[in-house]
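**Q**
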Ligand code: VNL
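Residue numbers (this note's numbering): 298 to 687.
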């Protein structure tokens, strides 16, 4: 006890005398990464953290003369916890960036804090369109559901589908997807014959799938969040819907690269639209996938990983642009209009919306070398979020 007091006293004295510790602390720029690392959405946290660490390993931890310090905290996917962690990170840790946000409610819970503290808030996962409108300090490194869905509706239209049912998780991104699909598709004799919503947590798809089977649509359009696709696919098969000729389409969240291999045969042939596939054939992506696998026991990166990787790019490049200044307004200003070659393809931060303009690819699940991949076969170039007024 006495000994501890003596040591504590010595440390206090060193600070009071202007020791070197405070100077070192000043030179660190802290990035507070808040993710669901446990609970039903832990795969999202795991993917993003791995990609953030890969980016730092590849680009070093000194940017514009500042040492980047990463602080990772688990919010378990609970909005109150996200908000409390963000508060602590701002007040106690004095972070310069907030980042992560695995689901929409978690991003929404934090937005007012980012505004109040004037901290850039990099949304690496959550994808409801209205999120970026909740704070001028939010910049999104993922995508929006309308952005991924409108191309799917166009693909369905051009492929002669007439009667489509939709099935979405009953919260922000699902409602965005349902609305975007309906508005784009249901014209000129085409109709959405049912729009079913399933609970976000512990969904039992069976009763909804029975309804869909009875309606016999040409296709079922699905949005479920990353990680939930395997359970959906299992029940789709158990109900025999894969044998009834109901085509399965959706956004790429359904055939998430993280779990695609476990889905097996029922996933083969499923067509989805999304901004990222691990199978994307660019040199930048090949290098990214190779490095990610090498650092993560051969695990494949999914679209969440790319959100984390590009989010780190925004943090590093904005800090370079401000010459190391951590003024929140300057950092966000530097991110606006920024363009680069992401593993997903070319991207630009649209200055007026702080959303990425990016390609949306049409992909089909195919087997190659014994593994399942989302194989891209058509591209909608430079798609901006269609939900924003401009
Ligand atoms: C969200 C959107 C989450 C898409 C997801 O996976 C996803 C969201 C966790 O905005 O909550 O794939």
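In this text, a Cβ means the ideal position worked out from N, Cα and C, and glycines have one as well.
Name, in chain order, the residues that DSSP records as bridge partners for residue 364.
**A** Sequence index remark: in the chain shown, residue 364 carries index 67 (1-based). According to DSSP, which records beta bridges pairwise, residue 364 is partnered with 325, 359.
**Q** What do you reckon, is the C-beta of residue 522 under 7 Å from a heavy atom of the ligand MG?
**A** No copy of the ligand MG occurs in the structure displayed; its ligands are the ligand VNL alone.
**Q** So if DSSP puts residue 528 in a beta bridge, which residue, or which two residues, is it bridged to?
**A** In the chain shown, the residue the question calls residue 528 occupies position 231. Residue 528 pairs with nothing; no bridge assigned.
**Q** List the DSSP bridge partners of residue 394.
**A** Translated into the one-based positions of the chain shown, residue 394 becomes position 97. Paired residues: 328.
**Q** Within its chain, find whatever has a CB closer than 7 Å to the CB of residue 322; leave out the 5 residues flanking it on each side and keep chain order.
**A** Here the question's residue 322 lines up with position 25 in the chain shown. With a pLDDT of 45 at residue 322, under the threshold of 50, the modelled position of that residue is not reliable, and the figure given next carries that caveat. No residues qualify anywhere along the chain.
**Q** Is the beta carbon of residue 338 within less than 7 Å of some heavy atom of the ligand VNL?
**A** Sequence index remark: in the chain shown, residue 338 carries index 41 (1-based). Yes; taking the cut-off as 7 Å, the Cβ of residue 338 has a heavy atom of the ligand VNL nearer than that.
**Q** Is there contact between the region 355-367 and the region 410-423, where contact requires at least three CB pairs shorter than 8 Å?
**A** Cβ pair count under 8 Å is below three, so no.
**Q** Under 7 Å: does the beta carbon of residue 550 sit that close to some heavy atom of the ligand VNL?
**A** Walking along the chain shown from the start, residue 550 turns up at place 253. Yes.
**Q** Does the distance between the C-beta of residue 400 and the nearest non-hydrogen atom of the ligand VNL fall short of 7 Å?
**A** The residue given as residue 400 occupies position 103 in the chain shown. Because some heavy atom of the ligand VNL lies under 7 Å away, the Cβ of residue 400 counts as near it: yes.
**Q** Between 425, 660, 482, which has its C-alpha nearest residue 467's C-alpha?
**A** As a first step, residue 467 must be located in the chain shown, where it is residue number 170. The shortest Cα separation from residue 467 among 425, 660, 482 belongs to 425.
**Q** Consult DSSP for residue 416 and reduce its assignment to one of helix, strand or coil.
**A** For this step, residue 416 is matched to residue 119 along the chain shown. In the structure shown, residue 416 sits in coil (DSSP, three-state: anything other than H, G, I, E or B).
**Q** Name the two residues that bound the continuous alpha helix (DSSP H) containing residue 429.
**A** Here residue 429 corresponds to residue number 132 of the chain shown, with the count starting at 1. From DSSP, residue 429 is part of no alpha helix (DSSP H); its letter is neither H nor E.
**Q** Determine the closest residue to residue 649 out of 632, 578, 597, 421, with distance taken between C-alpha atoms.
**A** If you number the chain shown from 1, residue 649 lands on position 352. Considering only alpha carbons, the answer is 632.
**Q** Where residue 470 and residue 506 are concerned, what is the direct C-alpha to C-alpha distance, given to the nearest angstrom?
**A** The residue you call residue 470 lines up with position 173 of the chain shown. The residue you call residue 506 lines up with position 209 of the chain shown. Straight-line Cα distance between these residues: approximately 20 Å.
**Q** Under the assumption that residue 530 contacts residue 563 (Cβ atoms under 8 Å), give the Cβ distance between them as a whole number of angstroms.
**A** Position 233 of the chain shown holds residue 530. Position 266 of the chain shown holds residue 563. So it is a contact: roughly 5 Å between Cβ atoms.
**Q** Who are the Cβ neighbours of residue 558 in its own chain at under 7 Å, not counting the five residues just before and after it?
**A** Within the chain shown, the letter at position 261 stands for residue 558. Once the five neighbours on either side are set aside, the close Cβ partners of residue 558 are 668, 669.
**Q** Would the region 615-631 and the region 653-672 be scored as touching if the rule is three or more Cβ pairs under 8 Å?
**A** Touching, no.
**Q** Which of the three DSSP states, helix, strand or coil, is assigned to residue 278?
**A** Shown here, the chain extends from 298 to 687; a query on residue 278 therefore has no answer.
**Q** CB-CB under 7 Å to residue 601, same chain, minus the five flanking residues each way: which ones, in chain order?
**A** Here residue 601 corresponds to residue number 304 of the chain shown, with the count starting at 1. Around residue 601: 341, 344, 345, 422, 523.
**Q** Roughly how many whole angstroms lie between the Cα atoms of residue 580 and residue 574?
**A** If you number the chain shown from 1, residue 580 lands on position 283. If you number the chain shown from 1, residue 574 lands on position 277. Cα to Cα, the separation comes out at about 13 Å.
**Q** Within the same chain, show all residues whose beta-carbon is closer than 7 Å to that of residue 431, passing over the 5 residues directly before and after it, in chain order.
**A** As a first step, residue 431 is located in the chain shown; it is residue number 134 there, counting from the start. Once the five neighbours on either side are set aside, the close Cβ partners of residue 431 are 405, 408.
**Q** So what's residue 685 in DSSP terms, helix, strand or just coil?
**A** Counting from 1 along the chain shown, the entry for residue 685 is found at position 388. Residue 685: coil per DSSP, three-state reduction.
**Q** How do the region 493-503 and the region 531-542 stand: do at least 3 beta-carbon pairs fall below 8 Å, yes or no?
**A** These segments touch.
**Q** Straight-line CA distance for residue 570 to residue 548?
**A** To locate residue 570, count along the chain shown from 1; it is residue 273. To locate residue 548, count along the chain shown from 1; it is residue 251. Each residue's alpha carbon lies about 5 Å from the other.
**Q** Is the separation between the beta-carbon of residue 374 and that of residue 330 shorter than 8 Å?
**A** To locate residue 374, count along the chain shown from 1; it is residue 77. To locate residue 330, count along the chain shown from 1; it is residue 33. No.
**Q** Tell me which same chain residues have a C-beta within less than 6 Å of the C-beta of residue 603, skipping the five on either side of it?
**A** The sequence position of residue 603 within the chain shown is 306, counting from 1. Within the same chain, residue 603 has close Cβ partners 573, 640, 641.
**Q** Please state if the CB of residue 454 and the CB of residue 482 are separated by a distance shorter than 8 Å.
**A** Walking along the chain shown from the start, residue 482 turns up at place 185. Walking along the chain shown from the start, residue 454 turns up at place 157. In contact: residue 482 and residue 454 (Cβ atoms closer than 8 Å).
**Q** On the DSSP bridge assignment, give the partners of residue 571 in chain order.
**A** Here residue 571 corresponds to residue number 274 of the chain shown, with the count starting at 1. Answer is 658, bridged to residue 571.
**Q** By DSSP, does residue 543 sit in helix, in strand, or in coil?
**A** Stepping through the chain shown from its first residue, residue 543 is reached at position 246. Residue 543: coil per DSSP, three-state reduction.
**Q** Quick one: give me the first and last residue of the beta strand (DSSP E) that residue 643 is part of.
**A** Here residue 643 refers to the residue found at position 346 when the chain shown is read from its first residue. Where residue 643 is concerned, the enclosing beta strand (DSSP E) stretches over 642-647.
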